[in-house]
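Asker:
Spelled out as C-alpha coordinates, the structure:
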(Lines of atoms letter the chains of each structure in order from A and count residues from 1; the text may use other names and numbers.)
(Lines give C-alpha, C1' and ligand atoms only; values in the text may rest on other atoms or scores of the structure.)
Protein backbone atom coordinates (compact mmCIF):
# COMPACT_ATOMS: atom_id res chain seq x y z
CA UNK A 1 0.00 0.00 0.00
CA UNK A 2 1.34 3.42 -0.97
CA UNK A 3 2.40 5.81 1.77
CA UNK A 4 1.71 8.82 -0.44
CA UNK A 5 -1.92 8.96 0.67
CA UNK A 6 -0.63 9.94 4.11
CA UNK A 7 1.08 13.11 2.87
CA UNK A 8 -0.32 16.49 3.90
CA UNK A 9 -1.17 17.57 0.37
CA UNK A 10 -3.08 14.36 -0.31
CA UNK A 11 -5.11 14.89 2.85
CA UNK A 12 -5.84 18.48 1.80
CA UNK A 13 -3.96 19.75 4.84
CA UNK A 14 -2.07 23.03 4.94
CA UNK A 15 0.07 22.10 7.94
CA UNK A 16 3.04 19.74 8.19
CA UNK A 17 1.68 17.50 10.94
CA UNK A 18 0.73 14.59 8.63
CA UNK A 19 4.23 14.58 7.12
CA UNK A 20 5.85 14.60 10.56
CA UNK A 21 3.61 11.76 11.73
CA UNK A 22 4.33 9.74 8.59
CA UNK A 23 8.07 10.17 9.09
CA UNK A 24 7.72 8.99 12.68
CA UNK A 25 5.79 5.89 11.64
CA UNK A 26 8.26 5.04 8.87
CA UNK A 27 11.12 5.26 11.36
CA UNK A 28 9.43 3.33 14.14
CA UNK A 29 8.41 0.50 11.81
CA UNK A 30 11.71 0.61 9.91
CA UNK A 31 9.64 0.76 6.73
CA UNK A 32 12.42 0.75 4.15
CA UNK A 33 10.02 0.31 1.23
CA UNK A 34 7.96 3.26 2.40
CA UNK A 35 11.04 5.44 2.77
CA UNK A 36 12.18 4.43 -0.70
CA UNK A 37 8.79 5.44 -2.10
CA UNK A 38 9.17 8.84 -0.45
CA UNK A 39 12.61 9.27 -2.03
CA UNK A 40 11.47 8.09 -5.46
CA UNK A 41 8.68 10.66 -5.52
CA UNK A 42 11.15 13.49 -5.15
CA UNK A 43 11.63 12.98 -8.89
CA UNK A 44 7.90 13.05 -9.66
CA UNK A 45 5.92 15.78 -11.39
CA UNK A 46 3.59 16.73 -8.55
CA UNK A 47 5.24 19.67 -6.79
CA UNK A 48 3.08 19.38 -3.67
CA UNK A 49 3.97 15.72 -3.24
CA UNK A 50 7.65 16.51 -3.78
CA UNK A 51 7.51 19.23 -1.12
CA UNK A 52 5.84 16.83 1.30
CA UNK A 53 8.39 14.11 0.56
CA UNK A 54 11.37 16.33 1.23
CA UNK A 55 9.79 17.30 4.56
CA UNK A 56 9.30 13.63 5.46
CA UNK A 57 12.93 12.93 4.54
CA UNK A 58 14.12 15.80 6.73
CA UNK A 59 12.16 14.55 9.73
CA UNK A 60 13.66 11.09 9.24
CA UNK A 61 17.15 12.52 8.85
CA UNK A 62 16.92 14.41 12.14
CA UNK A 63 16.25 11.22 14.07
CA UNK A 64 17.69 8.37 12.00
CA UNK A 65 20.03 9.69 9.31
CA UNK A 66 21.19 6.17 8.57
CA UNK A 67 17.81 5.47 6.96
CA UNK A 68 18.31 8.09 4.23
CA UNK A 69 22.09 8.52 3.96
CA UNK A 70 22.28 6.27 0.89
CA UNK A 71 20.22 8.84 -1.00
CA UNK A 72 22.64 11.72 -0.44
CA UNK A 73 23.26 12.32 -4.15
CA UNK A 74 19.54 12.69 -4.79
CA UNK A 75 19.39 15.55 -2.30
CA UNK A 76 22.53 17.11 -3.76
CA UNK A 77 20.88 17.06 -7.20
CA UNK A 78 17.86 18.83 -5.72
CA UNK A 79 20.10 21.79 -4.86
CA UNK A 80 19.98 22.57 -8.59
CA UNK A 81 16.18 22.54 -8.74
CA UNK A 82 14.32 25.68 -9.90
CA UNK A 83 11.89 25.03 -7.03
CA UNK A 84 13.22 26.91 -4.00
CA UNK A 85 11.15 24.79 -1.61
CA UNK A 86 12.98 21.69 -2.81
CA UNK A 87 16.36 23.42 -2.68
CA UNK A 88 16.12 24.53 0.94
CA UNK A 89 14.38 21.31 1.89
CA UNK A 90 17.21 19.30 0.36
CA UNK A 91 19.79 21.39 2.19
CA UNK A 92 17.94 20.75 5.44
CA UNK A 93 18.22 17.03 4.75
CA UNK A 94 21.91 17.29 3.89
CA UNK A 95 22.55 19.01 7.22
CA UNK A 96 21.22 15.91 8.98
CA UNK A 97 23.38 13.42 7.06
CA UNK A 98 26.57 15.46 6.65
CA UNK A 99 28.69 13.37 9.00
CA UNK A 100 27.40 9.97 7.98
CA UNK A 101 27.55 10.79 4.24
CA UNK A 102 30.64 12.98 4.36
CA UNK A 103 32.51 11.16 1.58
CA UNK A 104 29.63 11.57 -0.84
CA UNK A 105 28.99 15.19 0.09
CA UNK A 106 32.65 16.13 -0.29
CA UNK A 107 32.52 14.98 -3.90
CA UNK A 108 29.94 17.71 -4.44
CA UNK A 109 31.21 20.34 -2.02
CA UNK A 110 31.35 22.98 -4.77
CA UNK A 111 27.64 22.44 -5.45
CA UNK A 112 26.89 22.94 -1.77
CA UNK A 113 29.03 26.08 -1.62
CA UNK A 114 27.29 27.47 -4.70
CA UNK A 115 23.89 26.87 -3.13
CA UNK A 116 25.03 28.71 0.00
CA UNK A 117 26.07 31.70 -2.11
CA UNK A 118 22.94 31.86 -4.25
CA UNK A 119 20.18 30.29 -2.17
CA UNK A 120 17.42 31.55 0.08
CA UNK A 121 17.93 32.34 3.75
CA UNK A 122 17.07 28.79 4.84
CA UNK A 123 19.31 27.29 2.14
CA UNK A 124 22.20 29.43 3.33
CA UNK A 125 21.57 28.76 7.02
CA UNK A 126 21.43 25.00 6.58
CA UNK A 127 24.22 25.07 4.02
CA UNK A 128 26.60 26.68 6.47
CA UNK A 129 25.63 24.07 9.07
CA UNK A 130 26.17 21.29 6.52
CA UNK A 131 29.61 22.60 5.56
CA UNK A 132 30.64 23.09 9.19
CA UNK A 133 29.71 19.51 10.00
CA UNK A 134 31.66 18.31 6.96
CA UNK A 135 34.69 20.38 7.95
CA UNK A 136 34.69 18.81 11.39
CA UNK A 137 34.96 15.26 10.02
CA UNK A 138 38.67 15.29 9.13
CA UNK A 139 41.63 17.51 8.26
CA UNK A 140 41.18 17.17 4.50
CA UNK A 141 37.60 18.37 4.70
CA UNK A 142 38.59 21.14 7.07
CA UNK A 143 41.25 22.50 4.75
CA UNK A 144 38.79 22.49 1.85
CA UNK A 145 35.94 24.17 3.71
CA UNK A 146 37.04 26.29 6.67
CA UNK A 147 38.42 29.21 4.60
CA UNK A 148 35.07 29.40 2.80
CA UNK A 149 33.22 29.47 6.12
CA UNK A 150 35.42 32.28 7.43
CA UNK A 151 34.94 34.23 4.22
CA UNK A 152 31.20 33.85 4.52
CA UNK A 153 31.23 34.94 8.17
CA UNK A 154 33.23 38.01 7.19
CA UNK A 155 30.74 39.15 4.55
CA UNK A 156 27.29 37.85 5.51
CA UNK A 157 24.58 40.17 6.79
CA UNK A 158 25.09 41.25 10.38
CA UNK A 159 21.85 39.67 11.54
CA UNK A 160 23.06 36.30 10.22
CA UNK A 161 26.35 36.32 12.10
CA UNK A 162 25.20 34.76 15.41
CA UNK A 163 23.46 31.75 13.87
CA UNK A 164 26.17 31.14 11.31
CA UNK A 165 28.92 31.58 13.90
CA UNK A 166 27.20 29.02 16.12
CA UNK A 167 27.27 26.58 13.21
CA UNK A 168 30.86 27.35 12.20
CA UNK A 169 31.95 26.82 15.80
CA UNK A 170 31.57 23.10 15.09
CA UNK A 171 34.51 23.37 12.69
CA UNK A 172 36.90 25.25 14.97
CA UNK A 173 39.46 22.50 15.33
CA UNK A 174 42.60 23.98 16.92
CA UNK A 175 44.21 27.14 18.28
CA UNK A 176 44.99 28.47 14.81
CA UNK A 177 41.43 28.20 13.53
CA UNK A 178 40.16 29.48 16.88
CA UNK A 179 42.18 32.68 16.46
CA UNK A 180 41.01 33.11 12.86
CA UNK A 181 37.41 32.60 13.88
CA UNK A 182 37.62 35.01 16.81
CA UNK A 183 39.32 37.68 14.72
CA UNK A 184 36.39 37.73 12.30
CA UNK A 185 33.85 37.87 15.12
CA UNK A 186 35.65 40.66 16.95
CA UNK A 187 35.90 42.67 13.75
CA UNK A 188 32.18 42.41 13.15
CA UNK A 189 30.97 42.65 16.73
CA UNK A 190 30.80 46.49 16.88
CA UNK A 191 28.05 46.46 14.25
CA UNK A 192 25.81 44.00 16.09
CA UNK A 193 22.74 44.70 18.16
CA UNK A 194 22.88 43.88 21.86
CA UNK A 195 20.94 40.60 21.45
CA UNK A 196 23.25 39.57 18.62
CA UNK A 197 26.33 40.44 20.67
CA UNK A 198 25.03 38.39 23.61
CA UNK A 199 24.89 35.31 21.40
CA UNK A 200 28.47 35.97 20.32
CA UNK A 201 29.50 36.28 23.97
CA UNK A 202 28.16 32.77 24.54
CA UNK A 203 30.44 31.55 21.77
CA UNK A 204 33.38 33.27 23.46
CA UNK A 205 32.46 31.48 26.68
CA UNK A 206 32.42 28.12 24.91
CA UNK A 207 35.88 28.87 23.53
CA UNK A 208 36.99 30.03 26.99
CA UNK A 209 37.87 33.52 25.78
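In the numbering used here, the protein residues as written are 9 to 217. Glycine is no exception: its CB is placed at the ideal position from the N, C-alpha and C atoms. None of the values given here were measured: they were computed from a predicted structure.
(1) Under 7 Å Cβ to Cβ from residue 109, same chain only, skipping five residues before and after it: list those, please.
(2) Distance check for residue 95 and residue 131, CA to CA, integer angstroms please.
(3) Starting from the C-beta of residue 98, find all residues in its chain whose C-beta is less than 7 Å away, skip the five residues before and the five after it, and write them out in chain order.
(4) If you pair each beta-carbon of the stretch 198–206 with each one of the stretch 177–186, do three or more pairs fall below 8 Å?
(5) Using the rule of at least 16 other Cβ atoms within 10 Å of the residue's Cβ for burial, across every protein chain shown, is residue 111 buried or exposed?
(6) Whole angstroms is fine: what's the gap from residue 152's alpha carbon to residue 125's?
(7) List the whole-angstrom C-beta distance separating residue 67 from residue 31, where the pair is believed to meet the contact cut-off of C-beta under 8 Å.
(8) What do you reckon, are the CB atoms on residue 211 and residue 173 nearer than 7 Å?
(9) Just list the alpha helix (DSSP H) runs in the stretch 99–137, keeping only unbroken ones of 4 residues or longer that don't cross its boundaries, in chain order.
(10) Where do the ends of the alpha helix (DSSP H) carrying residue 52 lie?
(11) Could you tell me the boundaries of the alpha helix (DSSP H) in which residue 192 lies?
Answerer: With the structure as the only source:
(1) 77 and 80
(2) 7 Å
(3) 62, 83, 86 and 87
(4) no
(5) exposed
(6) Roughly 16 Å separates the two Cα atoms.
(7) 3 Å
(8) Note that the C-beta distance between residue 211 and residue 173 is below 7 Å.
(9) Uninterrupted alpha helix (DSSP H) stretches at least 4 residues long and entirely within the stretch 99–137 occur at 110–115 and 117–126, given in chain order.
(10) Premise fails: residue 52 is in no alpha helix (DSSP H) and is neither H nor E.
(11) Where residue 192 is concerned, the enclosing alpha helix (DSSP H) stretches over 183–196.
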